[in-house]
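Just below is one structure, and these are the notes that go with it.
This is how it looks when you write it as structure tokens:
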């Protein structure tokens, strides 16, 4: 799955940076384990160095009634769907890969920001923070293991 | 109209409804199995104690869920490895896998979306809608057939397929309606069309900032029984802003992980409660017995699909196929057929073909489908109408007179009415006459006079055709050979002779029932199923025209019995009364629903003379319920033509026959059956005032005499035979 979105993050107030700031395309790739269940919902979002929610990157899954099971994201946003306007896609099947390309601001990197992925699937465990990974220039391209649903996650520039 | 609403969704949606029903029935066993296998918590156990037991064994516990079946599942981390298990609430120990059943998951996905996501959900929802339409229209049909909602469980007669269809439906319809309505609700909810979305509860901004409260010490959880728990999420110990989240069957709350205080609480909204109830009713999760019952009812769908298809096929076969039937909107000529047994349809088909061959755009339909507003483009309307009973409307004309009565402006098309009937009946073509006179009263321009066809006469029909052709300026030649039902050779088993001494030679003839094919049994065709009072059509050798005899037996008796009186010079009666056991006759069955004993409990007065005793004897023989039956029987001389004389005593002793009054027209004190009625006038009138039904079978003269005698006897009560007839309490089978 390939998505390209411009300035997705510029929508959120916490991440409004000076207009001169540079942005670059970043590809987020989450490979799911073969967990043997219905399609998983995934929420990809960022917290700042104080562990405060800073903004959403992507939400895989279409029915808002199930967002409550993405507990970390849901608690941070109160389930506010305006946080994910234009950055949603289909839920991801067991063993499949989610790949999204976004234009992210340079200022997100090496500043203590962390990327979180919450995951959940019907009748299975809720897995907030399945992946938590600091956003650094050096860490780009290095696969990270997830805790329950995600076998490996990589962000590459 | 209701029948169409029942037939087409049934046939079109059969596949999706079948898939829904079968997968639904299979799914219905899971909640019950889950309920039986899940270790249940003792009712007094609190969430605090349960969570404490689990946390003691699995310190990394993140979440505890309780399913509606009572199954407790815990999720924890063992180091970096995510683990999960079904927990025995008594010990907090893992006892079974937490993995959902893959078969159940497969079936669920198939049942709700055919594995096709939203598109599949819509397809299956349409299936559920079809099921609902079928259930509602089917209920209306059953009520109409039974004669009202209060007779919902009244016994049903007719072919096996039809009986099975209704017997199953009137029990299963409750479950099918519940399942389909809840399915539609759940689809609407899944698509976000209902205001039942869970409301978000904001995480409290201020928390104690501490961590480390023991879950077993949290006050709120101590007061919450496990039986009301939905799920409990444990906060991350390294994040003091994180909180416990508890969901119960009443609401959602957050609990501080430093001091165990309840930080926020939100009760379920009314809509959420409704949705949860609907979900429970549909899935049986939390109501496993109901689930099993619904599953069992869903299993009726394949049976009803099969029997319903058979009913439809049997109905199609009873009327000829009309080729090149023009759509009503394009037709210049419209043929409307009012047919009882299907023979008038045969004439309509012949007429349709001739007119079509002459270059007209012809539309043929049942008279019951008449709609004056849709006849704007037609130049002529040809009504072919049989008569049912005494001037009554035939089956395929139901409701036509009422529509005609309600019509405000007559169609511009010219009308011609052709009646079909038997000129030996007093109300010959009575229905066609009523149609013609009402149409005239409504100002509908019609060709003068009602033409008639006597006893399916091809000559009468051809004559009418050439007259019609002359009016239309078309050479019209109508050659119609009535199609008779396929006749079967039936073998005479025994005969008993009566009346030779009194110049009324009669015989009770008993034939073996020919073997029925499976199709005939299912569709009620052939001799698969018949009742006393139905007609046996016999085709004599050397003729193609059948003669009809009333049956004196039902299929349950295991034989075909008729009473035949030899008519002077009669071809068929001559052949039958000469027949010896082992001989065969070509015969077919013609149902005669108008002359049957209904399923009620009111007394029945049976009046018959001579060979007219046949069906009446059949009613008495079948009277195992010991309903009050009073027989008045006229004969010539008790010593000679007392048909069924031997059985009468036995039937009386068995309680099948309540009373018997005979009248002999010869001998010491000659009198007729109507005289016998008059002699018992007091008792007869009393029975009729109490609601008794009267059934008369025999010659025309006798029937007229009986009607006259009754009219006289009933005069003081204000009742008349006509009134009783209108109420369906006076039935005649006259020849």
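Protein chains in written order, with the numbering used here: chain H, 28 to 184; chain U, 390 to 1124.
Every residue gets a Cβ at the ideal spot worked out from N, C-alpha and C, and that includes glycine.
Computed from a predicted model, the values in this text were never measured in an experiment.
Is residue i helix, strand or coil by DSSP?
{"i": "residue 358 of chain U", "result": "Here chain U comprises residues numbered 390 to 1124, so residue 358 of chain U is not present and cannot be evaluated."}
{"i": "residue 1086 of chain U", "result": "strand"}
{"i": "residue 677 of chain U", "result": "helix"}
{"i": "residue 1196 of chain U", "result": "The first residue shown for chain U is 390 and the last is 1124, placing residue 1196 of chain U beyond what the model contains."}
{"i": "residue 507 of chain U", "result": "helix"}
{"i": "residue 417 of chain U", "result": "coil"}
{"i": "residue 72 of chain H", "result": "strand"}
{"i": "residue 161 of chain H", "result": "strand"}
{"i": "residue 570 of chain U", "result": "helix"}
{"i": "residue 762 of chain U", "result": "helix"}
{"i": "residue 155 of chain H", "result": "strand"}
{"i": "residue 339 of chain U", "result": "Examination of residue 339 of chain U is not possible in this model, given that chain U is present from 390 through 1124 alone."}
{"i": "residue 432 of chain U", "result": "coil"}
{"i": "residue 85 of chain H", "result": "strand"}
{"i": "residue 35 of chain H", "result": "Unreliable positioning characterises residue 35 of chain H in this predicted model, as indicated by a pLDDT of 43, which lies under 50. A coordinate reading is not provided."}
{"i": "residue 59 of chain H", "result": "strand"}
Check the Cβ of residue i against every Cβ in chain U and list those closer than 9 Å, keeping chain order.
{"i": "residue 123 of chain H", "result": "Correct list: empty, because the minimum Cβ distance to chain U is about 14 Å."}
In whole angstroms, what is the alpha-carbon distance linking residue i and residue j?
{"i": "residue 701 of chain U", "j": "residue 392 of chain U", "result": "11 Å"}
{"i": "residue 74 of chain H", "j": "residue 167 of chain H", "result": "17 Å"}
{"i": "residue 976 of chain U", "j": "residue 901 of chain U", "result": "12 Å"}
{"i": "residue 796 of chain U", "j": "residue 857 of chain U", "result": "26 Å"}
{"i": "residue 990 of chain U", "j": "residue 1019 of chain U", "result": "13 Å"}
{"i": "residue 896 of chain U", "j": "residue 937 of chain U", "result": "15 Å"}
{"i": "residue 532 of chain U", "j": "residue 541 of chain U", "result": "6 Å"}
{"i": "residue 924 of chain U", "j": "residue 943 of chain U", "result": "11 Å"}
{"i": "residue 496 of chain U", "j": "residue 675 of chain U", "result": "19 Å"}
{"i": "residue 32 of chain H", "j": "residue 574 of chain U", "result": "Reliability of the predicted coordinates at residue 32 of chain H is poor, the pLDDT of 43 falling under 50, and the value obtained from them is presented with this limitation in mind. When rounded, the distance between both Cα atoms is 36 Å."}
{"i": "residue 839 of chain U", "j": "residue 821 of chain U", "result": "7 Å"}
{"i": "residue 1057 of chain U", "j": "residue 997 of chain U", "result": "21 Å"}
Quick check on residue i: buried or exposed, where buried means 16 or more other Cβ atoms within 10 Å of its Cβ?
{"i": "residue 656 of chain U", "result": "exposed"}
{"i": "residue 601 of chain U", "result": "exposed"}
{"i": "residue 1000 of chain U", "result": "buried"}
{"i": "residue 718 of chain U", "result": "exposed"}
{"i": "residue 590 of chain U", "result": "buried"}
{"i": "residue 404 of chain U", "result": "exposed"}
{"i": "residue 1081 of chain U", "result": "buried"}
{"i": "residue 1022 of chain U", "result": "buried"}
{"i": "residue 1025 of chain U", "result": "buried"}
{"i": "residue 678 of chain U", "result": "exposed"}
{"i": "residue 399 of chain U", "result": "buried"}
{"i": "residue 85 of chain H", "result": "buried"}
{"i": "residue 57 of chain H", "result": "buried"}
Give the residues of chain H in contact with residue i, contact being defined as C-beta atoms less than 9 Å apart.
{"i": "residue 579 of chain U", "result": "90 and 92"}
For a contact meaning CB atoms closer than 8 Å, what does residue i contact in chain H?
{"i": "residue 467 of chain U", "result": "None at all; the shortest Cβ gap to chain H is about 12 Å."}
Over what stretch of residues does the alpha helix (DSSP H) that includes residue i continue unbroken?
{"i": "residue 399 of chain U", "result": "391 to 401"}
{"i": "residue 964 of chain U", "result": "960 to 967"}
{"i": "residue 944 of chain U", "result": "Careful: residue 944 of chain U lies outside any alpha helix (DSSP H) and carries neither H nor E."}
{"i": "residue 1065 of chain U", "result": "1062 to 1068"}
{"i": "residue 829 of chain U", "result": "819 to 830"}
{"i": "residue 496 of chain U", "result": "491 to 502"}
I need the boundaries of the beta strand (DSSP E) containing residue i, first residue and last residue.
{"i": "residue 443 of chain U", "result": "Per DSSP, residue 443 of chain U belongs to no beta strand (DSSP E); it is in the alpha helix (DSSP H), 436 to 446."}
{"i": "residue 132 of chain H", "result": "124 to 132"}
{"i": "residue 725 of chain U", "result": "722 to 727"}
{"i": "residue 736 of chain U", "result": "Taken as a continuous stretch (DSSP letters only), residue 736 of chain U belongs to no beta strand (DSSP E), being part of the alpha helix (DSSP H) at 732 to 746."}
{"i": "residue 183 of chain H", "result": "177 to 183"}
{"i": "residue 992 of chain U", "result": "That residue, residue 992 of chain U, is in no beta strand (DSSP E); it is neither H nor E in DSSP."}
{"i": "residue 848 of chain U", "result": "Element bounds for residue 848 of chain U: not the beta strand (DSSP E) but the alpha helix (DSSP H), 847 to 861."}
{"i": "residue 1119 of chain U", "result": "1119 to 1123"}
{"i": "residue 1111 of chain U", "result": "Counting along the chain, residue 1111 of chain U falls outside any beta strand (DSSP E), though it belongs to the alpha helix (DSSP H) covering 1110 to 1115."}
{"i": "residue 485 of chain U", "result": "482 to 485"}
What residues from chain U crowd round residue i, counting only those whose CB sits closer than 8 Å?
{"i": "residue 98 of chain H", "result": "622 and 634"}
{"i": "residue 78 of chain H", "result": "628 and 630"}
{"i": "residue 116 of chain H", "result": "In chain order: nothing, as chain U lies at least about 13 Å away."}
{"i": "residue 63 of chain H", "result": "488 and 491"}
Strictly below 7 Å CB to CB, what residues from chain U border residue i?
{"i": "residue 214 of chain H", "result": "Not covered by the structure: residue 214 of chain H. The range shown for chain H is 28 to 184."}
{"i": "residue 58 of chain H", "result": "Near residue 58 of chain H there are no residues of chain U at all, since even the closest Cβ is about 16 Å away, more than 7 Å."}
Please determine whether the Cβ atom of residue i lies at a distance below 7 Å from any heavy atom of the ligand COA.
{"i": "residue 166 of chain H", "result": "Absence of the ligand COA is noted for the structure shown, with no ligands found whatsoever."}
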